[in-house]
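Residue numbers (my numbering), protein chains in the order written: chain A, 53 to 537; chain B, 53 to 537; chain C, 53 to 537; chain D, 53 to 537. Think of the CB as a built atom: it goes at the ideal place given N, C-alpha and C, for glycine as much as any other residue. Please read these numbers as outputs of a predicted model, since none were measured by experiment.
4 protein chains.
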Amino acid sequence: MALKTPQQYIDSVKKLRPRVFIGGERVENLVERPNIKPVIDTMAKTYELALNPKYEDFIPATSHLTGEKISRWTHVPRSIDDLWKRRNLNLIMAQKTGSCNYRCMGQEALQILASVTYAMDQKLGTEYHKRFNNFLRYMQENDLAANMPQTDARGDRSKRPSEQEDPDSYLHVVEKRSDGIVVRGAKLHQVGAMVCHEHICAPFTPLHKGEEDYAVAFAIPNGTEGLTYICQSGPIEAERRQAQSIQELGIPEYGSIFTSMLVFDDVFVPWERVFMCGEVEFAADLLKKFASMHHVLCRGSCKVGFMDLMIGAAQTIAEYNGIATATHVRDKITEMIRIRETTEACTTAAVGNGKEDPPGSGVYFPNTMFSLMGSLNTHYGFPQVALLAADLAGGSVVTMPSERELQNPETSQYVRKYLKGVASVPTEYRMRMLKFLQHWTAGPQVAAMWDEGSLQVSRALVRGEALAVLEEKKKLAKELAGIKD
Amino acid sequence: MALKTPQQYIDSVKKLRPRVFIGGERVENLVERPNIKPVIDTMAKTYELALNPKYEDFIPATSHLTGEKISRWTHVPRSIDDLWKRRNLNLIMAQKTGSCNYRCMGQEALQILASVTYAMDQKLGTEYHKRFNNFLRYMQENDLAANMPQTDARGDRSKRPSEQEDPDSYLHVVEKRSDGIVVRGAKLHQVGAMVCHEHICAPFTPLHKGEEDYAVAFAIPNGTEGLTYICQSGPIEAERRQAQSIQELGIPEYGSIFTSMLVFDDVFVPWERVFMCGEVEFAADLLKKFASMHHVLCRGSCKVGFMDLMIGAAQTIAEYNGIATATHVRDKITEMIRIRETTEACTTAAVGNGKEDPPGSGVYFPNTMFSLMGSLNTHYGFPQVALLAADLAGGSVVTMPSERELQNPETSQYVRKYLKGVASVPTEYRMRMLKFLQHWTAGPQVAAMWDEGSLQVSRALVRGEALAVLEEKKKLAKELAGIKD
Amino acid sequence: MALKTPQQYIDSVKKLRPRVFIGGERVENLVERPNIKPVIDTMAKTYELALNPKYEDFIPATSHLTGEKISRWTHVPRSIDDLWKRRNLNLIMAQKTGSCNYRCMGQEALQILASVTYAMDQKLGTEYHKRFNNFLRYMQENDLAANMPQTDARGDRSKRPSEQEDPDSYLHVVEKRSDGIVVRGAKLHQVGAMVCHEHICAPFTPLHKGEEDYAVAFAIPNGTEGLTYICQSGPIEAERRQAQSIQELGIPEYGSIFTSMLVFDDVFVPWERVFMCGEVEFAADLLKKFASMHHVLCRGSCKVGFMDLMIGAAQTIAEYNGIATATHVRDKITEMIRIRETTEACTTAAVGNGKEDPPGSGVYFPNTMFSLMGSLNTHYGFPQVALLAADLAGGSVVTMPSERELQNPETSQYVRKYLKGVASVPTEYRMRMLKFLQHWTAGPQVAAMWDEGSLQVSRALVRGEALAVLEEKKKLAKELAGIKD
Amino acid sequence: MALKTPQQYIDSVKKLRPRVFIGGERVENLVERPNIKPVIDTMAKTYELALNPKYEDFIPATSHLTGEKISRWTHVPRSIDDLWKRRNLNLIMAQKTGSCNYRCMGQEALQILASVTYAMDQKLGTEYHKRFNNFLRYMQENDLAANMPQTDARGDRSKRPSEQEDPDSYLHVVEKRSDGIVVRGAKLHQVGAMVCHEHICAPFTPLHKGEEDYAVAFAIPNGTEGLTYICQSGPIEAERRQAQSIQELGIPEYGSIFTSMLVFDDVFVPWERVFMCGEVEFAADLLKKFASMHHVLCRGSCKVGFMDLMIGAAQTIAEYNGIATATHVRDKITEMIRIRETTEACTTAAVGNGKEDPPGSGVYFPNTMFSLMGSLNTHYGFPQVALLAADLAGGSVVTMPSERELQNPETSQYVRKYLKGVASVPTEYRMRMLKFLQHWTAGPQVAAMWDEGSLQVSRALVRGEALAVLEEKKKLAKELAGIKD
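So, in structure tokens, the structure goes:
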């Protein structure tokens, strides 16, 4: 079966019937809705690039199950070269859309479950891997888009899943039947869920004995009975609804990290789509593999692409303002580049040191320590890049009038005259670049901070990675200090 | 004449007829307009607090011209005690509204011109000070609100005013007549201009010989012929227009730093309201005095109040999330406090070391170096406070659904159940605190960075302050190094 | 009795017989010893400045006990003006010597005990305050120098005093006799102990019930039986011993933070010199008062003086190297000034908001929060100032040959020729300034980090200070968020 | 010819007769001199490891000239694998000695000249490459150690070589004769020069037309007539001279970054050892290649090894102090690891993206941008690692008595008792680890900052690397902003 065209994807969305709400209202027509259309257009872009001959060296892949040509978005990386191509997929999407690609975690879900189901079967004699491969083949053959809901509601964050007053604070099995299981709970911050074909769920917290009901992984189609999608609605969404032309927006066509909370109100999953059910001891392993891959793709790739855009925009606005050659401006641009290239280096090292995990599974993951390094450096550096970009743009990044004034005969000559920078650049260009920067520096991109969960979790993971080498380092120091204990 | 009541102020606004545009449309009714109403309500709050007996120890003042009781917003500080009370005025407004107070720079304009007109008359034998005092008495007796437009359009930022391709890039005199002058240009980023009674203009760039037309200071009433106000319009403004109840907003009643660009299209000013005209050598002095006062009031006081709000909100949300006692949470709160208290200390030192300037004028200014220290520390620290607050709030600060879902019978039970934190706190509270934090961390508060102009200007001012002491420091070092040159 | 002259002080040191060791050897002649002479010369400088008419406005003080003129080093601050003068005493010493003044904590001991003994007597009906005043009068009338040993040995840092395997890990009472007490333990990091006349001890850790033996404060003369002083010995000490002329050293005359560990091997203290014995509930109060005063004097004053020297030296070396006008050099100097002036502002605010504590005691302390702010900002900033100074000095700050080469006919012409910077400055000057900077940037000044105990303790103190205001901040945020709980 | 044994190297040093001065005195016996012995022992370690079967996979190499087995220290990298092995050579030496390896830049000299002489011959038809290969074969066949003097005296740093008052401020040709050239000048900060067999010189500043005399590269043996070596002498050197046993030192056997200034007083170089003479247009290229390689080896490898030692020591001392499990201690260790691993990632990426340069030369260099990233991150991070290590060690890292006290019967029981940490660890161990940390945190390691020249130079290089991609980034931003210019 061939790869989907963008139009085929959009047509497939038209057939979806998810129960979606935004701003207190039910959404009936996904495709025309101002807040959801950019998400669909971004997803369509993933299909478009997969067919673009320009990218045929890294976007199409070959299924290890069927040997057929498939999209890399449904491929499980089986070599360092695969990891590198997968990385570049996120980078190009970030550079071309300035947006979340909405399919990243769906692919990661396939990769993680390919590895963990293999490991479970090896150790426990279960049949999850076979089941999973059937599902994977289905995804590949139909070129479907998946997302992976990650963050549970979590209630009182100081308590474990099993200690919560409301047991539904974490997604869990409430009933096991002969034909399948019934699950209840909610997943927050879900990017693109309402326009993906499939949702792949898994636990994202280390689990203890006694928490078997929370150790559940499965896949269900969009719009399954019992699912409700409640969308975020803040200033950016309001602006997008009010815009009379997309030219008024910071990133006109795409440009939004749009999420929903996904509620599972007693949702049924048939056994053939259940990939983990009770194996608490594999939850921590699944989480670590997710971290290893997602940190390299999200903060290590998408954010690198976003930083490219901010650096390019900052340099452009400095030129429009006539200050591009001032020493302090050059130093600021250089500092932005330092931050960007540091993460690029970490990602390069993480991918270049990827490994099959577990051995025999055929599934590759990047080096976890280097993956985390890219992530932490982005965590600290990304806001600095945004602040530096804002600093170079100046106050108009916040105070600029709407582009509609350019069409207003009573104000257009004033705006055109007084928002001009250097004489050679049209005011429209300067206003658009300022609006573009507004999107990054005064907008919701602070979301970059939570894309992989909290800083504290990342630091704990670093600690874990480092434990082994700490002893080695101590030995080196003691040797030189002349301590023979 | 008595101090105005809030209602009297609002009534006076109803009589104003400025030519205001937003989003491409003319605004006719200022008082009901969703984007302008919070500005008016904030201004009304300044009048309300002035009449509140709770603050009678520092908000009312006594006019040095008439001996009458006046508002501190029209008072010129004449002692360190006055500076301290003036400072507290900004702080209380920031804490009570979470917003720009919109009258700060109007008061500063009176203070700066009281000093500079005195200095000009002393040195040049002009009569600006007498003229100015008449205007000041008028402001005090009628308890009027002024603003001071500061930032010129500036065109090519690498060029001086006199070198610009478009000479109107900086506000300047285009005609001198027997009865007054005619000015042309525009001032950007103007907070609250459309609902203030008076606009007080002055040059905000050091000027050279040959740039006499740019050395112009004057006052004109709101709505003077030739003035046009073109308002900012971004995501926050769009959201405010769409809100069906103010409860949906981050800071419901106030909560906006709303600006306009103010266009002067051949505006006439009579001589009795002209306070500088051609005295280029006083432009740098005026700028330095403005810096000394404004840095202590804006980044040194308002932002301190804003940090109070963010710290309070971060601590509250940590408690709502159940993590307030975790070590890393306590460390983050402590770091936020360190940043806040450092600026508080700098402001305290700046005010406590205030001086009359020039001697004989009776006008007091804070210590410039300490004023700049508060400002620079806020510049670096304020975004960190916001990032830490965002970190403690978690991803929902961006991804939260609208509060309207709580009224939607189809979603309210889901939202109520799954956005709950610790069991004892109602979900509404948690959602409102998240929305409040969204306003600060994902909103337009990045504007804090430009309130006193760019970082580079501040650093140049520090350099200037330090030049004298550098020689002293060199001497100390050489003495100890045994160098006798 | 008159103030001591420097020579009288030196003569008094000649009569002292402390049991001092350094580098494994007993020190017999303190005054001629290369490692101890600079300490004596620094102490002598405190006596010299007290007699210098240039400083008569702030160094001499009037005893509140006798009404006689005394040195400020034995004075207990009784007003904000006193605190300010006390502060300036540390600053001028730091600027003039580039060294610890060695008398700072001795004065603090008097101030703290004046307050705490008063508080104990008020609450418990003890007679400590009267005893203490007798001792204070003795100190003032004889113009004696005291030090205050602070840091206990502490053994296993995770355990309380009473939990240690070795009970002597904290200084404690081992016997109570009719005529006095016997104490055992050791105090580390003691600056200048061997050349001070008196040692004043107090507990520096919060104590619990059951730890009464550790709640002990007292004074004993230098060289009391049972005392042993074991000095630090590292690279700086070795260099000072080898120098053939003091010109070879970074800060020739003073320039060292020289410490010893002070061992108390069953030392007897008569009751009239015991100022606390068992009152565990006052230990935390004593610690907080110490913090309030010491943070303002040490990191808030001495380090400010040291930063003056580093800034002066960095500016000088930049001029010697010919790079003083480069933008990046000016930015670095400006950043050093920002760090210095921020602490200056905090200290100014701390002193300006000092208070009598406890009321009725007549003893003044600075504002604790602002005192801590100065300290934390120095903690973070001081190493940055040193790193920036090193950066401006360049590699020769480490690799420079000895000044002795200038006297060596075989090498002097080479050194003179090739270590020259700009043509107009003699090479000797450049070498001395580099050596001076070597002392600060490659030397032991990293000690600045522990002068007030660890960062973690400071942060805990900030937390304590902030607890009260946190609730107020939460209230402000809730009010604006519309939360009425 | 076989690789040299350590003893053969030491024997070869005994035959050298360089004219060396330290502290104003001539050094006759290099091998026994306390300041020079550790340098010789470190160099001997390079020979020892080359013969150690444990490292035979990466230290021995095969000469591309002769096919013989040679040391990697004389090898020119000819593949990415070679670059990786070369990198690991520096890392293992840093971990095993805690010292500069003293041979790093000598190897780099061979690599750079192999490339640049090839490029010159290709472009200009010269014969430098052939000459150079003869020299290279000689180095390889005799397993000789070289160093590369880098930093000129530079006089007034604001002036170019040809503008200096003293033309000798940069090393240059003063005479061309039929048999060779005569050079004059001096090179500062030279590590290990006096115990290397050969000195390889090259220009390290971009040169203009008219500065041909400064464009000179050549090799001369140690002790050539006209050469004088004047050594650094500071606190560390003094301590080493005074130590009665090496156990008293921080890094007993090695542990020093010991330099000299190398004076060229009309030194003759025969033509067969001249590898550049007047080709100013190749100076910038040579500098960039040096940066690319040296930044990856020095800050990207040696400093990584040093950070390993500091992390190991900090963890050990935290355990000795009983605080290793405290949250703030774990956070500090994790932050140290973040800094270390970030540079490791950059180095990994730089090496993994190495390229032949120029094509056809067979010589490989790392990716310059990633090489610079490792360097800049180390520049900012290395001092933080040292400060964190110092923070964890506590004040005793500065104030500790000499280890000789342990042998002094009058003090040993006190030191043993009161410098103990947790009960299970002998005091000697704790003291040695503190002394080890003193070396890093209070010692000369700040030298790390200049090993690759100043920060400003690195940032300029980054700027250069980034110029090409800036346009691409601008294009991406404009595309999304809808700007079609």
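Using CA atoms only, rank isn't needed, just tell me which of the options is closest to residue i.
{"i": "B:Ser115", "options": "B:Gln163, B:Met157, B:Met145", "result": "B:Gln163"}
{"i": "C:His251", "options": "C:Lys472, C:Glu227, C:Val315, C:Asp133", "result": "C:Val315"}
{"i": "C:Met200", "options": "C:Tyr154, C:Pro453, C:Glu80", "result": "C:Tyr154"}
{"i": "B:Ile369", "options": "C:Lys527, C:Leu486, C:Asn429", "result": "C:Lys527"}
{"i": "D:Ile363", "options": "D:Lys340, D:Val321, D:Pro435, D:Ser413", "result": "D:Pro435"}
{"i": "B:Ser427", "options": "B:Thr399, B:Lys182, B:Leu279", "result": "B:Thr399"}
{"i": "D:Leu82", "options": "D:Ala146, D:Pro70, D:Tyr481", "result": "D:Pro70"}
When the cut-off is 8 Å and only beta carbons count, does residue i lie next to chain D?
{"i": "A:Glu264", "result": "no"}
Mind listing the chain D neighbours of residue i? Cutoff is C-beta to C-beta under 7 Å, in chain order.
{"i": "C:Thr386", "result": "What C:Thr386 touches in chain D: nothing, since even the nearest Cβ is about 15 Å away."}
{"i": "A:Arg212", "result": "Result: empty, since nearest Cβ-Cβ is about 19 Å, beyond 7 Å."}
Beta-carbon of residue i versus every beta-carbon of chain B: anything under 8 Å?
{"i": "C:Arg456", "result": "no"}
{"i": "C:Gln497", "result": "Unreliable placement is indicated for C:Gln497, whose pLDDT of 43 sits below 50; no coordinate value is reported for it."}
Could you name the residues of chain B that residue i contacts, counting a contact when the two beta carbons are closer than 7 Å?
{"i": "A:Thr451", "result": "Leu240, His241, Gln284, Thr311"}
List the residues of chain C whose Cβ lies closer than 8 Å to the Cβ of residue i, in chain order.
{"i": "D:Asp218", "result": "Lys469, Lys472, Ala475"}
{"i": "D:Phe73", "result": "Pro453, Glu457, Asn460, Glu462, Thr463"}
Less than 8 Å between CB atoms is the rule here; does residue i satisfy it with respect to chain C?
{"i": "D:Ala290", "result": "yes"}
{"i": "D:Asp208", "result": "yes"}
For residue i and residue j, I'd like the C-alpha separation in whole angstroms.
{"i": "D:Tyr170", "j": "D:Glu324", "result": "16 Å"}
{"i": "B:Val72", "j": "A:Ala494", "result": "24 Å"}
{"i": "A:Glu539", "j": "A:Gln299", "result": "Because chain A in this structure spans residues 53 to 537, residue 539 of chain A falls outside the shown range and cannot be described."}
{"i": "A:Ala366", "j": "A:Tyr466", "result": "25 Å"}
{"i": "C:Ile303", "j": "B:Ala533", "result": "6 Å"}
Are the C-beta atoms of residue i and some chain A residue less than 8 Å apart?
{"i": "D:Thr400", "result": "yes"}
{"i": "D:Lys407", "result": "no"}
{"i": "B:Tyr466", "result": "yes"}
{"i": "B:Ser427", "result": "no"}
Can you name the residues of chain B whose CB is closer than 9 Å to the CB of residue i?
{"i": "C:Pro304", "result": "Leu532, Ala533, Gly534"}
Give the interface partners of residue i over in chain B, defined as CB-CB distance under 8 Å, in chain order.
{"i": "A:Thr10", "result": "In this structure chain A extends from 53 to 537, so residue 10 of chain A is not present and cannot be described."}
At a threshold of 7 Å, does residue i count as lining the ligand SAM (C-beta to nearest heavy atom)?
{"i": "B:Lys530", "result": "The ligand SAM is not among the ligands present in this structure, which contains no ligands whatsoever."}
- Using a Cβ-Cβ cut-off of less than 8 Å, give me the residues of the region 364-393 of chain A that come near chain C, in sequence order. Thr379, His380, Asp383
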